Structures are given as C-alpha cells and as structure tokens.
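**Q**
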Amino acid sequence: MSMNKAGIVSELRIEASEKGVELSEEHAKIIVDLFFNSIADALLAKERIEIRGLWSFYTKKYGSYKGRNPKTGERISVKPKWLPFFKCGKELRERVDAIRKK
0 MSMNKAGIVS
10 ELRIEASEKG
20 VELSEEHAKI
30 IVDLFFNSIA
40 DALLAKERIE
50 IRGLWSFYTK
60 KYGSYKGRNP
70 KTGERISVKP
80 KWLPFFKCGK
90 ELRERVDAIR
100 KK
C-alpha cells in the first residue's frame, strides 16, 4: 500500500475523530497543504527541517561532474545542482525495523 496526500487527509480526519475533534475534509486538506508547503518553502530557503526521532530534510549542493547518457553512452557534463536530502530519524528507523522483523 502507498499513501498519497488524499490518504494523509483521510488519516488526519480519522485520527481527529478518534480524539473527539470533527475536522471537515476541506480543513484537513488545508492543514496538509500548509504542512507540505511549509516544508517546501524551507527547503527552497536552504533551511533544515527536523522532527526529532522522525526525520530531517535539508538541501545539499552537488558539484558538476562528467556523466554518461544512459541511452547512448555519450559522455556529458552534468551541471552543479541543489537537491533535497532525506535522513530517517533513529526512533522511526527502529519502529520500522521492529515491525518488519515480525
């Protein structure tokens, strides 16, 4: 199973309902969009986003290098670029590992 934004909205509504909070689909969508847009905006500003134990995102600068076109094998020059980088937190890593071992 894969989870997308719609799945996150649905899970948010279910979790809120279980805690006695009614959350409309529209409000849940707004919350999810705000969350992801905030992460994207921070990465664009080259800021680091960290939720301890869960994960962190940051941007890394990669220098230029000589690569190969996979179709033709031709050598090409790859320009320097900034890319987002994800690092899993220790607690999340341990939780996933414990579930997978069962």
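Counting from 0, one number per residue, gives the positions in the sequence shown under numbering that gives the first Met the number 0. Positions of the beta carbon are idealized from the N, C-alpha and C atoms, including for glycine. Note that the coordinates shown come from a computational prediction; the quantities given were computed from them, not determined experimentally.
How would you label Arg99, buried or exposed, when you count the other beta carbons within 10 angstroms and need 16 or more for buried?
**A** Arg99 should be labelled exposed.
**Q** What did DSSP end up calling Lys28 once you bin it into helix, strand or coil?
**A** Helix, per DSSP.
**Q** Sorted by chain position, which residues of the same chain lie with C-beta nearer than 8 angstroms to Val31's C-beta, five sequence neighbours on each side aside?
**A** Answer for Val31: Lys4, Ile7, Val8, Leu11, listed in chain order.
**Q** Below 8 angstroms between beta carbons: does that hold for Lys112 and Leu42?
**A** The requested residue 112 does not occur in the structure, where the chain is confined to residues 0 to 101.
**Q** Taking 8 angstroms as the cut-off, does the stretch 88–95 touch the stretch 37–54 (at least 3 CB pairs, one atom from each stretch)?
**A** Contact holds: three or more Cβ-Cβ distances are below 8 angstroms.
**Q** Can you pull the DSSP bridge partners for Val77?
**A** Answer is Tyr64, bridged to Val77.
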